[in-house]
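> Take this structure, written in C-alpha cells, and hold onto it; I'll ask about it next.
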Amino acid sequence: MFLPKSWDPSASQADSVKVARRERCGIPPGVGHVGKWQPALNMIQKSRSRGVDVPLAVAGGGYGDTPAFRPGLRKVSNGM
Numbered sequence: 245m246f247l248p249k250s251w252d253p254s255a256s257q258a259d260s261v262k263v264a265r266r267e268r269c270g271i272p273p274g275v276g277h278v279g280k281w282q283p284a285l286n287m288i289q290k291s292r293s294r295g296v297d298v299p300l301a302v303a304g305g306g307y308g309d310t311p312a313f314r315p316g317l318r319k320v321s322n323g324m
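Quick note on the numbering used here: the sequence shown kicks off at 245 and runs consecutively.
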C-alpha cells in the first residue's frame, strides 16, 4: 500500500488533517510512507513466488531515478 508522506505521522511533511483521515480509512498505525518503487518490487516478488512469470516490468521515469530500484528489480528477478 502506498501512502504519501503527508499521511505519515512520522514524516516531516505530515499534514494533521490527512493524518487524522488515516483512522477513518482503517490504516493501521504501523503503516507509513514508503517509496512507490518498494511496493512495486514487493508485487513482482510475490507474483513470482506464486509461480507467475514476470518477463517484463514497465515503470515510469521516476522509478529509474531511484538508486535502489534497479538493483532491487535484479534481485527479485534473479532470486527465484
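Built from N, CA and C at the ideal position, the CB exists for glycine as well.
What are the start and end residues of the alpha helix (DSSP H) that includes Q289?
W281 to S293 is the extent of the alpha helix (DSSP H) around Q289.
> Exposed or buried, which one is V320 when buried takes at least 16 other CB atoms within 10 Å?
With 16 or more Cβ atoms within 10 Å of its Cβ, V320 is classed as buried.
> Could you tell me the alpha carbon to alpha carbon distance between G316 and Q289, rounded to whole angstroms?
Spanning the two alpha carbons is a distance of roughly 10 Å.
> Considering only the alpha carbon of each residue, which of A255, G279, K280 and N322 lies closest to S231?
Absent from the model: residue 231. The displayed extent of the chain is 245 to 324, so no value can be given.
> Take M324 and list the residues in its own chain whose beta-carbon comes closer than 6 Å to its own, dropping the five residues that flank it on each side.
Confidence is the limiting factor: at M324 the pLDDT is only 48, short of 50, which leaves the residue's position unreliable and the question unanswerable from this model.
> Measure from the alpha carbon of Y307 to the alpha carbon of each residue in Q257, G270 and K280, then state which is nearest.
Of the candidates Q257, G270 and K280, the one whose C-alpha sits nearest the C-alpha of Y307 is K280.
> Which first and last residues belong to the alpha helix (DSSP H) in which K319 is found?
F313 to N322 is the extent of the alpha helix (DSSP H) around K319.
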